[in-house]
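Student: So that we are looking at the same thing, I have put the structure below in structure tokens.
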Amino acid sequence: MNARLPFVVLTAVAILALALTLVPSAPAWQPSDFDLARRHADQANELFARSHHFVEGWLTHRDPTSGLIPQNLKSPQWTPENSAADNYPFMVLTAYFTDEDLLRGPLTDILHQEIRLTTRVGALPDAFGFGTQTFVRPEVQLDPLIFGAAEYCKDGLLPVTEVMGRTEWFSRLRAIAEGLCERAPVQTDFGPIPSTNAEVNGDVMQVVCRLYPATGDLRFLRLAVAMGDAYFLEVLPKNGYLPCHFWSFTEHKPLNPRLGLNDHGSEILGGLTEVYALAVRYSPEKAEEYQPVVIRMMDQLLAKCRREDGLWFNSYDTATGQGDGGPPDTWGYILNGVYTCYLLTGDERYRDAVEQAMKAICSHTEWSGADAYADAIESGIVLLNRIDVPETWEWEDKMVAAMSAIQQPDGIIEGWHGDGNVARSWLMLALAKTAGCRIQPWRPDLRLGAVVVGRDSNPDAAVLISLRTEQPWTGRLFVDHPRHRDHFGVEPNYPRLNEWPEWYTVEDGSRYSLRVLGSRNVPPEQPVVYDGGVLRRGLPLDLPADSEWLAEIRFVSAPPHGIPQLTLTGPDFLGGTGDVQAPLTVTNLSPEPREVTLSSDWGTLDPPRLTLPAKGAATVTLRGTMPGTVQVSVPQGGTETHGLSPVDVTSALVVARSASSDSAATHRLLLVTDANLTDYRDLAGSNTYRGEDYWWLNDGDL
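Just so you know, we're using numbering that gives the first Met the number 0 here: the sequence shown kicks off at 0 and counts up by one.
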């Protein structure tokens, strides 16, 4: 083994060096990029494996009667705001990436049981006790129902849908959200809204702002606007342009003036920016009304709610103007809204504030428990998708290592619903390490990693993929797609809470080149062009044992495809007898010079070859000799002229072909032997009359 090692290393380097010389003009990459892809593969493999072990551990604690999981190991009940919102959804997503049998089996069964057992008012769920096998609260209490439903939708079903699309979980999301629209109990001057609590309203804002583009259901838009009006037109102007934890919409004043800048408080700020983004797209007159208030809110946040290092206080008292504590582990949640304002206004101050915080967070390396680590890690991943800060990437890896060390041998992390948030952050970082690619079926011995090169030059970015396996493997590689648009219809792709970022995506209908570069036990292959739909729905692979598949995927072209690089234009017909000629124009539509060869099945072309500059054109002449006038026979015998000289119609096909590509252009001329031809009309080409073809050459009766 040791004697062969130098040969193996040299061979891999030689293959990569050869591949580099074969890559056409595309984002530059080096063999060292594949070393990074391999490191990413090792990291992603550990994160997927830890998440899978977490699911195995929690499934052993299912209630044997209902089949549901408890909200924590010491509390035998299923709660929408805990079990459903924070733990179960990330068991589902773990299985989506690592274990299809678990996904289709027990995890789908839990959804069915949750719907059957916990649905209480309309589609709104309630807490369910395992000891009694019934609802924990004997009587219906609308406020807890709305809180639990909002949490389940925002923290649980939104991320499942963003990753997986239109599944049973999306149907559950939509049904619960419709219930929130129909049963909003708080009356305001602008219409009913779900709560006086900023956290609940912020949750619901995020839900309806993503569901309206996904469904077109006007109930979601109406509720978003009602909540937007209530805050932008009442709460913010009356409260120093900052929201607060509780607001009385009857007395029009704060009930609790504190603004939480951590979890369970900051949701309102992200929700308000999403309402503004929705209005920009679907209600411009509302967006115009909201914009000055949004800007005042953001400016107040940056001026009053930050510490000296650019990170948030833990909370801010809007009555006294005092901030305290911080930074919160959810440090990035509000920054999502700040960056959204940068996208919508173009004001660089907002982007600068985000980048400052991303650098400042690197000095904070200790958090109070695994869930706090998870929220801090999630905060960074979403923002790193927009602003690439190398030191923040290094910080992410350190935080993940500290969080992972808390996991217990049985897969449980801390034994409460926050364990799901740990799995969420593991999976999100794993997808960053694979550039959003995934494989099916997943196995612990597989190592998938990727690096995106030239990401800022999209769509010309390339993704470099390393897939290693110890045992033979047959399966599919899936490349990510614009899920924000395909699953939710969200545009622009603004950063948002519970988003699962996209690192490299392909589009249905666009074309991509896949080049297998070759590595251990996998030979190199010539590039193959695939439709993006093939790559997103799974590229079949068959790998031998102890092998590595190295590949590059890059964009080739977007629809419409086949737009000619050349055009050939000229007259539609050429008439007369004896020597005749017709001019034709060849145009090069491409941004590069072209060598063009011309040919015709009649006559000669002068010149037969051209060198066309980029976007340039030239004229060629078609010359030939027409025969004398001939008679046209008719079925009854003899000839008929119908006021015209007898004619004979044929055609000439001229072809212009680029020497450097398969691009070609053609032009067909009709050749009519009539020296006195003054008009010509082609009625759909050749027609049949009395069993024979004829050409209609002039107006008049036949």
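Cβ atoms here follow ideal geometry from the backbone N, Cα and C, with glycine treated the same way.
1) Any contact of the stretch 396 to 415 with the stretch 475 to 482, i.e. 3+ C-beta pairs under 8 Å?
2) With DSSP as the reference, identify every bridge partner of residue 578, one or two as the case may be.
3) Going straight from the alpha carbon of residue 517 to that of residue 376, what length do you get?
4) Nearest by alpha-carbon distance to residue 220: which of 190, 49 and 520 is it?
5) In three-state DSSP terms, what is residue 477?
6) Beta-carbon separation of residue 149 and residue 228 under 8 Å?
7) Tell me the DSSP secondary structure of residue 82 in three-state form.
8) In whole angstroms, what is the alpha-carbon distance linking residue 316 and residue 310?
9) Using CA coordinates, which residue listed in 548, 606, 541 and 552 is at the minimum distance from residue 534?
10) Is the closest heavy atom of the ligand MG to the C-beta of residue 135 under 7 Å?
11) Is it the case that the Cβ atoms of residue 39 and residue 452 are separated by a distance below 8 Å?
12) What's the C-alpha gap between residue 398 and residue 364?
13) Could you check whether the Cβ of residue 156 sits closer than 8 Å to any Cβ belonging to chain D?
14) Taking the alpha carbon of residue 542 as the reference point, which residue from 445, 490 and 568 has its own alpha carbon closest?
15) Quick one: what's got a C-beta closer than 7 Å to residue 615's C-beta in the same chain, skipping five residues either side?
16) Hey, quick one: how far does the alpha helix (DSSP H) through residue 178 stretch, first residue to last?
17) Just tell me which of 576, 277, 654 and 216 has its CA closest to the CA of residue 671.
18) So, do the stretch 139 to 155 and the stretch 78 to 87 have three or more beta carbon pairs nearer to each other than 8 Å?
19) According to DSSP, what are the bridge partners of residue 321?
20) Who are the Cβ neighbours of residue 174 in its own chain at under 6 Å, not counting the five residues just before and after it?
21) Among 531, 558, 537 and 622, which has the Cα closest to the Cα of residue 574?
22) I'd like to know if the stretch 45 to 57 and the stretch 413 to 423 are in contact, where contact means that at least 3 CB-CB pairs between them fall below 8 Å.
23) Do residue 67 and residue 109 have their C-beta atoms within less than 8 Å of each other?
24) In terms of residues, what are the limits of the alpha helix (DSSP H) holding residue 614?
25) Going by DSSP, what residue range makes up the beta strand (DSSP E) through residue 75?
26) On the criterion of 16 or more Cβ atoms from any shown chain inside 10 Å, does residue 42 qualify as buried, or is it exposed?
27) List the whole-angstrom C-beta distance separating residue 286 from residue 222, where the pair is believed to meet the contact cut-off of C-beta under 8 Å.
28) Checking 8 Å against the spacing of the C-beta atoms, do residue 262 and residue 329 come in under that value?
29) What does the Cβ neighbour count give for residue 20, buried or exposed, with the cut at 16 atoms within 10 Å?
30) Rounded to the nearest angstrom, what separates residue 252 and residue 434 at their Cα positions?
31) Are the Cβ atoms of residue 515 and residue 521 separated by less than 8 Å?
32) Got a sec? Which residues, its chain only, sit under 7 Å from residue 332 by beta carbon, not counting five neighbours each side?
33) So residue 159 is in the alpha helix (DSSP H); what residue range does that whole segment cover?
34) With 16 as the cutoff for other CB atoms within 10 Å, does residue 279 come out buried or exposed?
35) In chain order, what residues of the same chain have a beta carbon less than 8 Å from the beta carbon of residue 247, not counting five sequence neighbours either side?
36) Within 10 angstroms of its Cβ, does residue 177 collect 16 or more other Cβ (buried), or is it exposed?
Tutor: For this structure:
1) no
2) 624
3) 35 Å
4) 190
5) strand
6) no
7) helix
8) 17 Å
9) 552
10) Absence of the ligand MG from the depicted structure is noted, as is the absence of any ligand whatsoever, leaving it without description.
11) no
12) 7 Å
13) The chain labelled as chain D is not found in the depicted structure, where only one protein chain is given.
14) 445
15) 587
16) 167 to 181
17) 576
18) yes
19) 316
20) 122
21) 622
22) yes
23) yes
24) Element bounds for residue 614: n/a, residue is neither H nor E.
25) Note, residue 75: premise wrong, no beta strand (DSSP E); not H, not E.
26) buried
27) Not quite, the Cβ-Cβ distance comes to about 17 Å (not below 8 Å), so this is no contact.
28) yes
29) Per-residue confidence for residue 20 stands at a pLDDT of 35, beneath the threshold of 50, marking its modelled position as unreliable; the derived number appears in the next sentence. Its Cβ having fewer than 16 others within 10 Å, residue 20 is exposed.
30) 47 Å
31) yes
32) 265, 269, 378 and 496
33) 157 to 163
34) buried
35) 195, 253 and 254
36) buried
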